[in-house]
Ligand SMILES: Cc1ncc(C[n+]2csc(CCOP(=O)(O)OP(=O)(O)O)c2C)c(N)n1
Ligand SMILES: Cc1ncc(C[n+]2csc(CCOP(=O)(O)OP(=O)(O)O)c2C)c(N)n1
Ligand SMILES: [Mg+2]
Ligand SMILES: [Mg+2]
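Residue numbers (this note's numbering), protein chains in the order written: chain A, 1 to 328; chain B, 329 to 656; chain C, 657 to 983; chain D, 984 to 1310.
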């Protein structure tokens, strides 16, 4: 086991999948000689050549639409969207085409593709380099939506995503790219299955549900709370869609209190679905209101530092929410 | 008062607003001589001329993007998207531009525009002429999202939408265009404010929250339930975003049981937010799990009649859900 | 190699069969037996001419909803089509999930398309990219209406194919209207073929009522693509002889005189007369074809009528694939 | 009416001030005093040449993030700009909500733009439509990078303007790269101006280091637009002399030799020499301008440094307008 960063784990996953299956290729803006603006594809162009690590025109619709076509032909594209904020020009191809192709052809055509995009704030990116976009896709049957929170999962889930016969939206918490480090087996291949959420900290008093960067903070907040005698369970949702109701409800059965955390805007965010699931199927287990802690309902994360900090959920805010809920 | 159809109410609203304010104009596919594929703009081309009732190229991005520009200039565009299913090419202009312009310019620029689109299934339209798309927009601060359920509201809300200084998504339940009739004052101008939901039937035992066509069915189901001695309150949500928490929570305080109904797919649908709101702020009032009745999690409404009926929520299914919840 | 006389007759037969099938769909709609029809009437010459330029079982077709005669040429049976009109479980495109005329035929390399226009165009480029990557000599033919070339999606697809010199032929079926909107409100050029010059690939205009001219133009583009000389845009000019669909009423936006004028240039008449004139077909033979077409359509309607509807709950699947569908 | 000598000197001054301001931003970044900068260095001649062709206070500018010298020309002060670099509350474009160089100046008819490229282009067409509807003789100038013309959004915007003959000038600032991606991977034509022919409007190519040539080309297009003769596409060729932004490292995708080569064609040098050669400016005068620029930038940094940051909770508004913002 060696300790590597999130972005290195992602790079390794693509490297290994490119080596394993020559149908796999990468397409996106600046993924070639530049190695990606976050260096996620660094060295891959040199290793696999221009055709398998392909600079696209500056057009997200092209990246995804061509990806869908290549997948129909029998390739396994990994489409990189430079920032999640720039995925909207491709929205039609994702929602009308990739997600519905299998169903609408009654199983004739599959679209095995991955759409990778760095998401999230706290990096000084302002309104258009900080967005969380997962909730637009966790409502679209036919898609899978995955968000890893640590290098081990990032690598294992991305490898599973590449092998999945369905279109997988793979959102990467960009603030964690270099910040979050973790152990990853060195000489041993592994994958992490798409689907199950994971209890990453056992506890009795309440459960915090989170993903991506917020999961990282949730673990830190749980440690703080532990010092104050609050025993917090933490669940890393990891695969947001389809939702893992079982793991969620099992944890609520145990702790009877739920706090859902994401950095995306509150209203209509993914947390609403988790809360609704609990309110519908875990109602009898509940000892307290289902709480959500999320970004405020303003258009996006502002640039200027004080305003950014005001927007962002962080360890302190989570710890406060834990205290409140524990005291209920 | 005369009884008119939904689509006639919508036509009247546009007619009156075009007459009232010469900054108002309509742009969309086939809205001109053709009068719109649902005849919502019938006669307006003849009355106001080509420039104010303008056939666009077949390009939704153009319709909305040009609309944003015209609004910045000082016009008040009404953009028609022929079917809600075709709104995705305009997603970037709606989500990145229209919704964020006011915030990002710190209040310098407003985008007073309405985006109208017929939505919903049950009309034999198959996967791409039946979609409900509201949940993609009830998560976007800066937008307002309105769905009327009857001619009176359709007319009054659309007039308010045209006068609103913000971008308003106005989704029209197309199955109700001719099916739903209602009284509308003949010689008297009126508007209906954007914002408040409305209790459309008072009851004690449980509340059904619905909108659009499903609200129509919900009222019918409530009548059925009444025959069986179940006293149902019905709330027409009408303005979905920003959400009217107050009316929702007040009704739950009264009935202690909530059933949320929409025809859009269940998971990640608008019902999730209503349920989450209730689970968070109405928890103490609840006597039963918060129930959702919605379209199944398949990509969209299939064409063939038996499969369409399987998909669609209807009066019978709502009545069953009411019985179940009442018995809890 | 020029088209043999046999081939030419076969092509005319395909036009004719498609036309009679298409007309029957309108009748079924008037009879209340089907809910919806969208027609290819008036576009058969261009469609059949174009599709005969690609190789069945090898090349790829990424069609749009008016391409009934292409589908017939590629092996979709009249019964298959009538089943899709009726929403029968066994219709091959989508198991009755999609509206009729939203085609797919996996075994014939015909890709499923949707209703939002122009979404198919980038798929064609993506398939072309796959072909180029594998060094195959396959070609992709994709079609679209002239109005739909207003979508940025079409521009991006053609641009990508031009940059990478992909083996794709972009055929624009210009029937002069997008529902009610005439070409002048879609573009400031006189032909979608003119758009090609701005993207760096050849743009060719051809008379869409002349089946063999369309064939020649598309064949040349296909040959170029196959050789590695890159993509082309071809616009075939024609006229939509019916309303946009069974939901449309075209009287609000075009005069009856205009429609009558173009009925005289109906490609079925044009091509029939051409074949007879050139001595490739006699009036007798033509009558036999007509009878054969009628019988084929009658049989299709009968068979399709007997076929079962899907059960409602069949709609629950297939949302996610367990395995990819490739060989 | 040809440009007066005074005007020409004023234009050069605008270039120079912008350049020194832009360079200071890089310094501030190296000093850790600002978090981000995206530069217009190398593009000033084209920008100033173009923006002087529209009428201040009457015409409209829909810019993109490299247009610092256009903004300076239109009245944004150096202090305003440095405040935006620092995220200070009073910066005029967005109250520090947007990243620096995402401009807006309501009172100067400069429209707020965002980061997703090409979204501004349809706005320009929409403003043009408004102008035409009102029968005004205003004109819209909008800018974009050559890479961003790959977006369908740009195509649709230009197509709409061409169809309706709107008073819009689409200026493409071709600096040869989109971050690391060279023009050949964006298009199969040699200039974005070539794209115009496919859309039915004039397309003009011009040397972007020649300020007065750019002025002449844009002025002609503006005059045509004002007369009702419709839109134009103009491509100005230039070179991005800095990395894409302060987050970029351009060594991976272009050689130092290439950059050095283009540094010899730096528009500041080119235009300075031209003005001196033509006797419009002496070396002495130039030095004075340099000193004035330095002082202006020094003052701006000092003033901006003193200006307050916003309070965090100011970010809670303004999400919804109570009233529209028009006169
Ligand atoms: C994105 C999108 N917008 C609108 C529609 C509705 N619609 C269906 S066909 C059509 C006209 C298409 O015109 P054209 O491209 O010329 O093809 P034609 O039908 O004339 O063959 C329209 C507007 C659609 N299917 N997709
Ligand atoms: C829709 C979208 N995709 C990606 C990006 C990231 N991005 C920012 S600038 C840029 C390159 C732009 O190149 P070009 O249009 O040539 O303008 P230049 O920066 O060279 O002036 C990219 C890819 C973006 N801002 N918007
Ligand atoms: Mg057409
Ligand atoms: Mg560039």
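In this text, a Cβ means the ideal position worked out from N, Cα and C, and glycines have one as well.
Values in this document were obtained by computation on a predicted structure and should not be read as measured data.
C-alpha distance - residue i paired with residue j, whole-angstrom precision
i: residue 1310 of chain D; j: residue 1114 of chain D; result: The pLDDT assigned to residue 1310 of chain D is 48, lower than 50, so where the model puts this residue is not dependable; a value taken from the coordinates is nonetheless given after this. Approximately 15 Å, taken between the alpha carbons.
i: residue 1041 of chain D; j: residue 1092 of chain D; result: 8 Å
i: residue 1149 of chain D; j: residue 1107 of chain D; result: 10 Å
i: residue 544 of chain B; j: residue 502 of chain B; result: 13 Å
i: residue 1242 of chain D; j: residue 72 of chain A; result: 42 Å
i: residue 1306 of chain D; j: residue 384 of chain B; result: 28 Å
i: residue 903 of chain C; j: residue 364 of chain B; result: 12 Å
i: residue 1047 of chain D; j: residue 264 of chain A; result: 27 Å
i: residue 144 of chain A; j: residue 79 of chain A; result: 15 Å
i: residue 1214 of chain D; j: residue 751 of chain C; result: 48 Å
i: residue 865 of chain C; j: residue 97 of chain A; result: 32 Å
i: residue 273 of chain A; j: residue 595 of chain B; result: 7 Å
i: residue 1167 of chain D; j: residue 1129 of chain D; result: 11 Å
i: residue 245 of chain A; j: residue 652 of chain B; result: 22 Å
i: residue 1011 of chain D; j: residue 1285 of chain D; result: 12 Å
Interface flag, residue i vs chain C, CB-CB below 7 Å
i: residue 1035 of chain D; result: no
Residue i CB to nearest heavy atom of ligand 2 below 6 Å
i: residue 795 of chain C; result: no
i: residue 86 of chain A; result: yes
i: residue 1250 of chain D; result: no
i: residue 1140 of chain D; result: no
i: residue 34 of chain A; result: no
i: residue 1099 of chain D; result: yes
Residue i beta carbon near ligand 1 (any heavy atom closer than 6 Å)
i: residue 408 of chain B; result: no
i: residue 778 of chain C; result: no
i: residue 357 of chain B; result: yes
i: residue 386 of chain B; result: yes
i: residue 722 of chain C; result: yes
Proximity below 7 Å, CB of residue i to CB of residue j
i: residue 1037 of chain D; j: residue 1122 of chain D; result: yes
i: residue 512 of chain B; j: residue 442 of chain B; result: no
i: residue 10 of chain A; j: residue 53 of chain A; result: no
i: residue 848 of chain C; j: residue 1183 of chain D; result: no
i: residue 742 of chain C; j: residue 960 of chain C; result: yes
i: residue 463 of chain B; j: residue 598 of chain B; result: yes
i: residue 816 of chain C; j: residue 62 of chain A; result: yes
i: residue 252 of chain A; j: residue 203 of chain A; result: no
i: residue 334 of chain B; j: residue 508 of chain B; result: yes
Any chain B beta carbon closer than 7 Å to residue i
i: residue 695 of chain C; result: no
Cβ of residue i within 7 Å of any chain A Cβ
i: residue 803 of chain C; result: no
i: residue 343 of chain B; result: no
Neighbour flag for residue i against chain D, beta carbons, 7 Å
i: residue 425 of chain B; result: yes
i: residue 811 of chain C; result: yes
i: residue 307 of chain A; result: yes
i: residue 566 of chain B; result: no
Neighbour flag for residue i against chain G, beta carbons, 7 Å
i: residue 699 of chain C; result: Considering every chain present, this structure includes no chain G. Its protein chains are A, B, C and D.
Around ligand 4, what residues have a beta-carbon under 6 Å from a heavy atom of it, in chain order?
-> D:1128, D:1129, D:1130, D:1158, D:1160 and D:1161
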